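Peer 1:
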Amino acid sequence: MWKEFKEFAFKGNVIDMAIGVIIGGAFGKIVSSIVDDLVMPAIGYLLAGINFSDLKIVLAPAVYDAAGVMTSPESAIMYGNFVQQCVDFLIIAVCVFAAVKFINKASVLGKKKEAEEKEKEAETPALSTEAELLAEIRDLLADKKDESLPE
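0 is the number of the first residue of the sequence shown in numbering that gives the first Met the number 0; add one for each residue after it.
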């Protein structure tokens, strides 16, 4: 059982997937920070200072007693956070799309280059081993003949 687990855990695909999940998690945090700290405040500024995390539809307002102590909290649909998460998702989706497109293009270019190299190899016929041996013998005989000629 341990052997099977080791074979599974240390296959290249599993390790690659684990690295992808870790990097994806870190990338998600970066994108969330960009959305929360840069994009949404800029959009809020352009839309008259709206803070998207505060956007809500109040279903029932909070109830306070005579002393000002809340007896019943507000009931609201907090849709502002949902808007932020949608923007977050769109940015991540665009980044992943761009990365996949880049990888696919690089793969296509690599395959094209590989095909061109194979085509070049096919154009230059390789001598058979018999032809190579005959060429070597010819060259050796020519060298020997040159050595035996008087100067």
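Just so you know, even glycine gets a beta-carbon here, dropped at the ideal spot from N, CA and C. In this text, all values refer to a predicted model and were calculated from it rather than measured experimentally.
Any idea if Gln-84 is buried or exposed, counting beta-carbon neighbours within 10 angstroms, 16 or more meaning buried?
Peer 2: Under a 10 Å Cβ-count criterion, Gln-84 is classified as exposed, with fewer than 16 other Cβ atoms of the shown protein chains found around its own Cβ.
Peer 1: Going straight from the alpha carbon of Asp-142 to that of Ser-127, what length do you get?
Peer 2: Cα to Cα, the separation comes out at about 23 Å.
Peer 1: Alpha helix (DSSP H) containing Ile-102: first to last residue?
Peer 2: 78-122
Peer 1: In terms of residues, what are the limits of the alpha helix (DSSP H) holding Met-39?
Peer 2: 39-45
Peer 1: Does the beta-carbon of Asp-87 have 16 or more other beta-carbons within 10 angstroms, so that it is buried, or is it exposed?
Peer 2: Asp-87 should be labelled buried.
Peer 1: State the beta-bridge partners of Ile-14 as determined by DSSP.
Peer 2: For Ile-14, which the question treats as bridged, DSSP gives no partner whatsoever.
Peer 1: Run through the DSSP bridge pairs and tell me what Asp-69 is partnered with.
Peer 2: Just to set this straight, residue 69 is Met in the shown sequence, not Asp. Bridge partners of Met-69: Tyr-63.
Peer 1: From the DSSP output, in three-state form, read off Ser-127 for me.
Peer 2: coil
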